[in-house]
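What follows is a single structure, written as structure tokens, with notes after it.
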Amino acid sequence: NVKAQVGIGGWTGSQFFSTAVASQNRTAFVNTVVAFAKKYDLDGLEFGWSYPNRQGIGCNTISPDDTANFLAFLKELRANPVGAKLQLSASGSLAVWNDASGNPSSNVAGFADVLDYIAIMAYDVWGPWSSAVGPNAPLNDTCAAPANQQGSAVWSVDKWASAGIPRNKIVLAVPAYGHGYIVKKEDAFQKNSDQKLTKYPPFDKNNRPQGDRWDDPAGVDQCGTQNPAGGTFTFTGLVEEGYLNKDGSPKLPYRFDSCSKTAYVYNPDKQVMVSFDDANTFDHKGHFIKNSGLAGFSIWQAAGDYNDILLDSIRKAAGFKDKN
Numbered sequence: 003n004v005k006a007q008v009g010i011g012g013w014t015g016s017q018f019f020s021t022a023v024a025s026q027n028r029t030a031f032v033n034t035v036v037a038f039a040k041k042y043d044l045d046g047l048e049f050g051w052s053y054p055n056r057q058g059i060g061c062n063t064i065s066p067d068d069t070a071n072f073l074a075f076l077k078e079l080r081a082n083p084v085g086a087k088l089q090l091s092a093s094g095s096l097a098v099w100n101d102a103s104g105n106p107s108s109n110v111a112g113f114a115d116v117l118d119y120i121a122i123m124a125y126d127v128w129g130p131w132s133s134a135v136g137p138n139a140p141l142n143d144t145c146a147a148p149a150n151q152q153g154s155a156v157w158s159v160d161k162w163a164s165a166g167i168p169r170n171k172i173v174l175a176v177p178a179y180g181h182g183y184i185v186k187k188e189d190a191f192q193k194n195s196d197q198k199l200t201k202y203p204p205f206d207k208n209n210r211p212q213g214d215r216w217d218d219p220a221g222v223d224q225c226g227t228q229n230p231a232g233g234t235f236t237f238t239g240l241v242e243e244g245y246l247n248k249d250g251s252p253k254l255p256y257r258f259d260s261c262s263k264t265a266y267v268y269n270p271d272k273q274v275m276v277s278f279d280d281a282n283t284f285d286h287k288g289h290f291i292k293n294s295g296l297a298g299f300s301i302w303q304a305a306g307d308y309n310d311i312l313l314d315s316i317r318k319a320a321g322f323k324d325k326n
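All the letters of the sequence shown, read from the start, carry residue numbers 3 to 326 under my numbering.
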């Protein structure tokens with residue numbers, strides 16, 4: 003029952019999406035993706051545009067007409083005999099795609115007619131660009147202080163549904179990775195404790211840690227911009243680096259945030275704190291998927307899991323059949 007799909011775009015591959023779906027290039031782009039799907043006998047295509055009418059990596063072409071042009075492209079693709087049979091999906095940002103004014107669109111219902119589903123990327127809400135160490139992928143944040151409400155899965159699903167995407171066409175994208183930060187011991191722990199981690203501690207913005215073996219090293223990106231190491235740790239990397247035990251339980255000082263339903267672990271020797279999703283997080287998100295009537299989940303990325311700890315947790319909570 004495995005289906006073969008290919009993703010087009012992504013964070014580092016969205017530089018010319020705007021140009022490709024513009025009226026003068028649209029038909030050529032449709033013909034290109036159709037020929038590609040036929041050549042490799044694909045079951046579907048996933049469009050990961052980061053982002054329509056909003057800058058992503060830093061050097062993407064953007065236009066006020068991006069979202070409208072994207073819809074026009076998908077309609078033309080669906081009108082093609084090959085495109086009509088493909089499973090088509092798109093990655094959605096936390097906020098609904100921008101309209102021509104540069105603000106989140108209030109109505110994207112037309113996309114529900116041409117896409118099988120939209121996968122909402124409810125992660126990277128907090129990261130090394132933030133003011134403090136916060137949840138990478140909060141399930142909810144209405145229980146947090148107003149200054150710490152930066153968006154969440156619950157918030158995002160509500161926004162997309164209100165803009166016209168049925169909940170049964172929404173997939174929740176969840177992360178098998180977390181963001182790492184350099185945090186001093188005196189900031190990491192609560193007063194008079196060497197085990198209890200504090201909430202939203204400050205971190206060293208000028209010194210990003212190297213993450214696990216899959217992390218991007220420091221270097222120049224597609225835009226020619228020098229970047230530090232990514233500072234990310236996969237769930238597998240957290241096990242391999244000694245932050246977690248092989249069963250996914252914490253090996254070092256740990257905190258589970260009851261508001262965002264996300265986890266934190268801290269290595270006092272390296273002074274590295276990681277905000278991530280663990281099995282408990284995935285259990286809560288699985289129940290949210292089931293109770294909200296969503297289509298399911300996607301994960302970035304499955305190879306980052308360790309012995310299917312995360313996948314088993316979310317599948318069970320969402321009520322999916324056992325994979326065996």
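Glycine residues also receive a C-beta, built at the ideal position from the N, C-alpha and C atoms.
For clarity, every value in this text was computed on a predicted model and none was experimentally measured.
Under the three-state DSSP convention, the category residue i falls into
{"i": "G306", "result": "helix"}
{"i": "A121", "result": "strand"}
{"i": "G12", "result": "coil"}
{"i": "L174", "result": "strand"}
{"i": "T29", "result": "helix"}
{"i": "T234", "result": "strand"}
{"i": "G244", "result": "coil"}
{"i": "A92", "result": "strand"}
{"i": "L47", "result": "strand"}
{"i": "T227", "result": "coil"}
{"i": "V36", "result": "helix"}
{"i": "R257", "result": "strand"}
{"i": "F299", "result": "strand"}
Cβ shell of residue i (< 7 Å), same chain only, five flanking positions each side left out
{"i": "H286", "result": "L141 and K263"}
{"i": "G239", "result": "G213, D214, R215 and W216"}
Other residues of its chain near residue i: CB distance less than 8 Å, five sequence neighbours each side excluded
{"i": "G233", "result": "P130, H181, G182, Y183, R210, P211, Q212, G213 and D217"}
{"i": "M123", "result": "S93, G94, S95, L96, A175 and W302"}
{"i": "T63", "result": "Q17, F18, F19, S20 and T21"}
{"i": "D118", "result": "G46, Q89, L90, S91 and K171"}
Environment of residue i [buried if 16+ CB atoms lie within 10 Å]
{"i": "A39", "result": "buried"}
{"i": "V2", "result": "Limits of the chain in this structure are 3 at one end and 326 at the other, which puts residue 2 out of reach."}
{"i": "D271", "result": "exposed"}
Proximal residues to residue i (C-beta, below 6 Å), its chain only, five neighbours per side dropped
{"i": "L76", "result": "V116"}
{"i": "V276", "result": "G180, G182, F235 and V267"}
{"i": "A22", "result": "F31"}
{"i": "C145", "result": "C261"}
{"i": "W157", "result": "none"}
Near the ligand HEM: residue i beta-carbon under 6 Å from a heavy atom
{"i": "P204", "result": "As far as ligands go, the structure on display features none, and thus does not contain the ligand HEM."}
Is the region 303–323 touching the region 53–62 in the sense that three or more CB pairs, one from each, lie closer than 8 Å?
no
Would you check if there are 3 or more beta carbon pairs closer than 8 Å linking the region 241–250 to the region 193–212?
no
Secondary structure, beta strand (DSSP E): runs of 3+ residues fully inside the region 142–224:
172–177 and 179–184
Okay, do the region 133–150 and the region 83–102 touch, 3+ Cβ pairs below 8 Å being the bar?
no
Is the number of C-beta pairs between the region 186–198 and the region 291–305 that are closer than 8 Å three or more?
no
Whether or not the region 159–169 and the region 106–114 are in contact is what I'm after, with contact meaning three or more pairs of Cβ atoms, one per stretch, closer than 8 Å; do they touch?
yes
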